[in-house]
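Structure, as structure tokens:
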Amino acid sequence: MASVKNLKKDIHYVLGDIIQAIYIHEMATDGATPQTEALLEETLTSFDELIEAVNAKNVENKKAHFKGVYSKLENVAGQLVEKINAL
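Sequential numbering from 1 applies to the sequence shown in full-length UniProt numbering.
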């Protein structure tokens with residue numbers, strides 16, 4: 001991983017694309033449903049948690065910490081995409 005800046009950009013881009021996919025699904029169907037609202041809330045909560053983890057200052061091994069955050073991003077994004085596909 002090159003930098004914290006790039007990790008933050010990855011979080012923004014990946015979760016931003018997921019939010020966009022949720023909105024596109026809402027526009028293509030009959031609007032917002034409780035499922036899409038819950039999925040949107042889950043995405044925003046995940047975003048907040050990941051950014052908070054990146055900004056943590058009391059980390060001993062930063063390299064391992066950031067790799068863990070990146071792998072968590074991959075897992076969360078994969079789960080959210082599966083939920084979008086199931087709609």
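The beta-carbon is built from N, C-alpha and C at its ideal position, and this holds for glycine as well. What you are looking at is a predicted structure, and each value in this text was computed from that prediction instead of being measured.
Sequence-distant residues of the same chain with beta carbon closer than 6 Å to residue i, five excluded per side
i	result
Val14	Ala77
Contact check, residue i vs residue j, beta carbons under 9 Å
i	j	result
Leu39	Lys67	no
Ser46	Leu7	no
Integer Cβ distance of residue i from residue j, believed to fall under 8 Å
i	j	result
Leu73	Asp30	The pair is not a contact, with the Cβ atoms about 31 Å apart (cut-off 8 Å).
Ile19	Thr36	That belief does not hold up - the Cβ atoms of Ile19 and Thr36 are roughly 11 Å apart, past 8 Å.
Val69	Leu50	6 Å
Ala32	Glu26	5 Å
Exposed unless 16 or more other CB atoms sit within 10 angstroms - verdict on residue i
i	result
Leu87	exposed
Val54	buried
Neighbourhood of residue i by C-beta distance below 7 Å, restricted to the same chain and skipping five residues each side
i	result
Glu52	none
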